[in-house]
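Before any comments, here is the structure.
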Amino acid sequence: MKRSGTINTIHELAAQGKSIREIARTVGIARNTVRRYLRGKPEAVPRPKRGSALEPYKAQIHHWVQQDHLYNCETMLQRLREQGYSGKGTILRDFVRPLRPRNVGHQPVMRYETKAGEQMQYDWGEFV
Numbered sequence: 001m002k003r004s005g006t007i008n009t010i011h012e013l014a015a016q017g018k019s020i021r022e023i024a025r026t027v028g029i030a031r032n033t034v035r036r037y038l039r040g041k042p043e044a045v046p047r048p049k050r051g052s053a054l055e056p057y058k059a060q061i062h063h064w065v066q067q068d069h070l071y072n073c074e075t076m077l078q079r080l081r082e083q084g085y086s087g088k089g090t091i092l093r094d095f096v097r098p099l100r101p102r103n104v105g106h107q108p109v110m111r112y113e114t115k116a117g118e119q120m121q122y123d124w125g126e127f128v
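Take 1 as the starting number for the sequence shown in the numbering used here and just add one per residue.
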């Protein structure tokens, strides 16, 4: 669909008595497009909604989340591919995100204090 300014220009030129060919040349669009806009506003045809590639697998995903407490989408994607799923991981992550409990993996850490020399702590990490 053309911008409203272009559509207004088409109608203004037609009101001035210009031919469809002249309007098309002036505006820089095809003559059939000019005719279509002069006949009336083109109706936008709504596209039919497509089904999700994930739809046949949603029950299985719900089972994994609720029964097996599986929240790792990469593992789910591998399992779904074995069952014939051909979609991408993004749609899977978007579907699983609201199913996850908010506090998974975020347990508070209990800090403790000791007197000097009572206990030693060492970080086994490597310096890079």
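Glycine residues also receive a C-beta, built at the ideal position from the N, C-alpha and C atoms.
Can you find the residues in the same chain that come closer than 7 Å, C-beta to C-beta, to residue 23, ignoring five residues on each side of it along the sequence? Sequence-distant Cβ neighbours of residue 23 in its own chain, meaning closer than 7 Å and more than five residues away, are 10, 13, 14 and 34.
Would you grab the beta carbon distance between residue 91 and residue 76 for me? Rounded to a whole angstrom, and I think it's under 8 Å. Their Cβ separation, rounded to whole angstroms, is 12 Å, which puts residue 91 and residue 76 out of contact at 8 Å.
Can you find at least 3 beta carbon pairs, one from the region 47-54 and one from the region 80-88, that sit closer than 8 Å? Proximity of the region 47-54 to the region 80-88 meets the contact definition, three or more beta-carbon pairs being nearer than 8 Å.
Can you tell which of 19, 21, 93 and 117 has the C-alpha that lies nearest to the C-alpha of residue 74? Answer by Cα proximity: 93.
What is the rounded straight-line gap between the Cα of residue 45 and the Cα of residue 37? So the two alpha carbons sit approximately 16 Å from each other.
For the ligand ZN, any of its heavy atoms closer than 7 Å to the Cβ of residue 10? As presented, the structure is devoid of all ligands, the ligand ZN included, so that no description of it is given.
Would you verify that the beta carbon of residue 79 is, or is not, closer than 8 Å to some beta carbon of chain B? Going by chain labels, chain B is absent from the structure shown, which holds only one protein chain.
I think residue 65 touches residue 57, with their Cβ atoms under 8 Å apart; what is that distance to the nearest whole Å? Not confirmed; about 12 Å, so no contact.
First through last residue of the alpha helix (DSSP H) which encompasses residue 64: Unbroken alpha helix (DSSP H) run through residue 64: 58-66.
Do residue 31 and residue 39 have their CB atoms nearer than 8 Å? At a Cβ-Cβ threshold of 8 Å, residue 31 and residue 39 do not count as neighbours.
Using the Cβ count rule (16 or more neighbours within 10 Å means buried), how would you classify residue 99? Taking all protein chains shown into account, residue 99 has fewer than 16 neighbouring C-beta atoms within 10 Å of its C-beta and is therefore exposed.
Reducing DSSP to helix, strand and coil, say where residue 72 ends up. In the three-state reduction of the DSSP assignment, residue 72 falls in the coil class.
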